[in-house]
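Remarks on the structure that follows.
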Amino acid sequence: MSWKKSVLLLLAALAIFASLLLSQEKAEGEDKTLRLAIGDAKLKNKVIQVTSGGIVSARAGKPVSFERMIKEMKDSRFVYVGESHDNTAMHDIQLKVIQGLFAQDPNIAVGLEMLPAETQPALDKWSQGILSKDDLIREVRWYVNWSMNYGYYEKIFDFARDNRIPVFGLNAPRDVITKIRMKGWEGLSDEEKALVPRPDLSDQDHRTLIRTIFESSEIPHAMKGEGLEKMFEGLYRAQSAWDEVMAANAIRGGEREGRKMIVLAGSGHLLYNLGINRRVSERNRMPSRTVLAVEVAADERSLGVSGSFADFVRGVPEQERPAYPAVALALKNVNGLDNIVVERKPIDGVASGADIEKGDVILSVDGRNFSDINEMRTYLAGVPWDEEAKFRLLRDGEARELTIKFEFKPAEMKEGDKIAPSDMTKTAPQIAAPASGRIDRLRRRVEDVIKRAEGEVGVALRHLESGQSLEINAGSRFPMASTFKLPVLVEIMAQVKEGKLSLEDEVSVQKTEQHLGSGMLSSLTAPGIKLTVRNLANLMMMISDNSAADILLAKAGPENVNKRLRQYGVEGISVNRSCQELIMDWMGVDYQKYKGLTLEQIEAEARKMPGRTPEANRESRQKFILDPRDQSTPAAMNRVLEKVYKKEILDPESCDLILSIMLQCQTGEGRIKGKLPPGAPVAHKTGTIAGTVNDTGIITLPDGLGHMAITVFTKGFEDETEDVEKIIAEIARLVYDYFVFTGDVPQSTIPQS
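Under our numbering, the first residue of the sequence shown is numbered 470, with each subsequent residue one higher.
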């Protein structure tokens, strides 16, 4: 694996498209990451020449012997040795450095990027000679926390155990790093913040390094611009968080034992002494040294690198093929299923090109049944080059068999060119053409649910990253009920942007503005209630407060809401009446007669009216359904969701505010969210009136699988609201499972290091 590929992958900067990784050949020219003028001010403008098999001291600017290098490390409290994960020569250097430092002074410890700190109890047992190799792999869940073959590290582990050298896991749980990438450190819980110190993002040299790597390959024009910049910032946060947490754990491990700490990590975390090494030094100012290796091609006498690249640079010959094959199968466990499921179609490793699809259930491998991913990967790690493994899979209810030969494919990705699935953090899915066959199966399943309903149902959904979509009765018009409050909020935010309103404008609520229906404002004492526009918007969306909605609609103007939607290219939505008028029309009460009354007066008048028969209710419901006012198609409402999510309307800050408010919606828990896994993020808005039970929102799929906008509108139901909610919940879960388990939403993946 070339040095450039190693760095690119370690930093996950080019995880946008897998095809980009395939295109990084030496013909593309000089690797700019090797000679950047960053890092040590005294050395950054110098160039040192590294030969294969040689070691160069950056400070001396000339070759040194291995023994001399070890001698110069005597006073260093921290020593960092980088690696390309599948390069055997680099792991040999790591072992040799550990052995040399141990001979000099046995008071050393080893810190590993490969394992999270939570595996420390097992590592302590290993260092004490208690565990066997098989027990270690099982207890630290090696092939879940790290996908590189244990064989690359076996000699290092054996030396540590045989000499009772403490070994420390330095990394953080992957889901925490993913959250930092997506939301920033502030998005962590207090417990998660205790695991990962706030990463420093201010070092301009480090940012230059990561930016250079990120931009070192051609990126499709469609990915450039604001979206690409946000992707870089997320990746930079993640890289910085990895460095920060490993630095903190390295210090903690060294202090626990009072020993020299030797840190083994992907070279991308150590380049130019700007990663883990810089962050440790800033915390304790203790002396340190960094050793990095670079591959020198057979046809090159030497390779020039910046004098600030590392304290010592070792040249190694280019590796023809990795020592161990990588299967590169992304796997997952599914609740209620004993067998392991394929998480996505393999695009590299020996499994690339095999007839394996996302959602395939693995019944057996070479006749063995597996329910534990670590155990399956442990078994596959024992299959050498040029041997084969026989898989038995279940797809669409049909069992099928295939054989995968573990053959080296030099024209395709090698094992180290992309960290295998268990080490991956995912980004949003790539743009891809819809898988029509699978989406048709989803359509049939949703239609089966709708056929059982005793009312009319319309469904619109779109996977916002891949563009896959499904519409069933999505062009029909349905009463919006309270989902109309989303278009109202869009208009409010537009007027705020234009300076006509301010979110901090205060509104004094009058008694005549306390209206019928849901919410809390109608139960308070007015006058005396004073709320900002922001607070009214929160009440309108979070608890569907009708009084707050009607106050805001009066400010926005229904005609302005409709005009704005048309300006944004959304047709099929008509906002006409306040919640008060909607309800009174449904009740058969003359709104014009009572519109100036207080809520108490309206309720008193309503009590005087005779009760309505079931037949009268049905007639009123049908009349309400046929009223063209305050209706929308599911497709149109879903389009609003998509435009808000993609920042195609308003400004990004306003769109983010709308989505953040919708994430806090407290109504309709049994609808879109009803059958989703607990905690699945859903930014949504519900609506209920006169046989109509609606929900519209955006579901954040797990594991970086993207986002799904879904709108389910209903009308004409006589069922209890709870029964109609179950229909919405069932549809939402079918769609969720499609994209999570069987949908064709190709992934880019971000290697962990």
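Note that beta-carbon positions come from the ideal geometry of N, C-alpha and C, so glycine has one too.
Just so it is clear, the structure is predicted and the values come from calculations on it, not from any experiment.
Measuring straight from C-alpha to C-alpha, what distance separates residue i and residue j?
i: V785; j: V1204; result: 50 angstroms
i: K540; j: A572; result: 11 angstroms
i: V1039; j: M559; result: 58 angstroms
i: F1208; j: L1174; result: 8 angstroms
i: N1015; j: C1048; result: 6 angstroms
i: K515; j: R758; result: 19 angstroms
i: S971; j: V760; result: 57 angstroms
i: K1062; j: R946; result: 29 angstroms
i: D669; j: S750; result: 13 angstroms
i: A792; j: I842; result: 22 angstroms
i: R1076; j: V1193; result: 29 angstroms
i: L592; j: L570; result: 21 angstroms
i: F1093; j: A1159; result: 7 angstroms
i: A1178; j: T1165; result: 8 angstroms
i: G456; j: L678; result: Nothing about residue 456 can be read from this structure; the chain reaches only from 470 to 1222.
i: A1025; j: Q964; result: 8 angstroms
i: F1210; j: F860; result: 19 angstroms
i: P794; j: R676; result: 34 angstroms
i: E856; j: I825; result: 19 angstroms
i: G523; j: S553; result: 18 angstroms
i: D627; j: V566; result: 15 angstroms
i: N1045; j: D1172; result: 41 angstroms
i: L491; j: Q937; result: In this prediction, L491 scores a pLDDT of 29, lower than 50, which makes its location untrustworthy; the coordinate-derived value is nonetheless stated afterwards. Approximately 26 angstroms between the Cα atoms of the pair.
i: E870; j: K878; result: 22 angstroms
i: L862; j: I517; result: 53 angstroms
i: Q563; j: N556; result: 11 angstroms
Which stretch, first to last residue, makes up the beta strand (DSSP E) that contains residue i?
i: I524; result: 524-526
i: L761; result: 757-765
i: I731; result: 729-735
i: V1162; result: 1161-1169
i: S971; result: Neither: S971 is in no beta strand (DSSP E) and is coded neither H nor E.
i: S671; result: Neither: S671 is in no beta strand (DSSP E) and is coded neither H nor E.
i: G580; result: 577-585
What would DSSP say about residue i, mapped onto helix, strand or coil?
i: Y549; result: strand
i: K531; result: strand
i: R813; result: coil
i: T1190; result: helix
i: A897; result: Unreliable positioning characterises A897 in this predicted model, as indicated by a pLDDT of 34, which lies under 50. A coordinate reading is not provided.
i: S891; result: Because S891 carries a pLDDT of 28, less than 50, the predicted location of this residue cannot be relied on, and the following value inherits that uncertainty. S891 falls in the helix class under three-state DSSP.
i: F637; result: strand
i: E925; result: strand
i: H984; result: coil
i: K827; result: coil
i: R1046; result: coil
i: E867; result: strand
i: L478; result: Note that L478 scores a pLDDT of 41, beneath 50, so its modelled location is shaky and nothing firm can be said.
i: H738; result: helix
i: T681; result: helix
At what residues does the alpha helix (DSSP H) containing residue i begin and finish?
i: E857; result: No alpha helix (DSSP H) contains E857, which is instead part of the beta strand (DSSP E) from 857-864.
i: K624; result: 623-631
i: N1107; result: 1103-1114
i: F966; result: According to the sequence provided, residue 966 is Lys. The question's Phe does not apply to it. Unbroken alpha helix (DSSP H) run through K966: 954-966.
i: F1093; result: 1083-1095
Please check the pair residue i and residue j, which I expect to be a contact at CB under 8 angstroms, by giving their CB distance rounded to whole angstroms.
i: C1134; j: T1161; result: C1134 to T1161, Cβ: 17 angstroms. No contact.
i: P1103; j: A929; result: 4 angstroms
i: L1021; j: I961; result: 6 angstroms
i: V1030; j: V1113; result: Not really, about 14 angstroms apart at Cβ, beyond 8 angstroms.
i: S1043; j: P1097; result: 7 angstroms
i: E982; j: D1019; result: 7 angstroms
i: V714; j: P666; result: 7 angstroms
i: R650; j: A707; result: 4 angstroms
i: A1152; j: L1119; result: Not a contact, Cβ separation roughly 15 angstroms.
i: R504; j: S736; result: Contact flag wrong, Cβ pair sits at about 15 angstroms.
Is residue i near the ligand GTP - that is, is its Cβ less than 6 angstroms away from at least one heavy atom of it?
i: I1167; result: Of the ligands one can find in the structure shown there are none, so the ligand GTP has no counterpart to examine.
Exercise for the section: Evaluate the contact criterion for the region 1089-1099 versus the region 1047-1066: three or more CB pairs, one atom per stretch, below 8 angstroms. Expected result: yes
Practice task
Decide if the region 606-615 is in contact with the region 580-598; the criterion is three or more beta carbon pairs, one per stretch, under 8 angstroms apart.
Solution key: yes
Handout entry: Segment contact, 8 angstroms Cβ cut-off, at least three pairs: the region 732-743 with the region 540-553
Key = yes
Problem - the region 513-532 touching the region 797-806, judged by at least three CB pairs closer than 8 angstroms - result: no
Handout entry: Any 3 or more C-beta pairs closer than 8 angstroms across the region 1189-1202 and the region 1139-1146
Key = yes
Handout entry: Inter-stretch contact at 8 angstroms, needing at least 3 Cβ pairs: the region 972-979 / the region 987-1007
Key = yes
Practice task
State whether the region 639-649 contacts the region 669-685, with contact taken as three or more CB pairs (one from each stretch) at a distance under 8 angstroms.
Solution key: no
Exercise for the section: Would you be able to state if there are at least three C-beta pairs under 8 angstroms between the region 836-850 and the region 804-820? Expected result: yes
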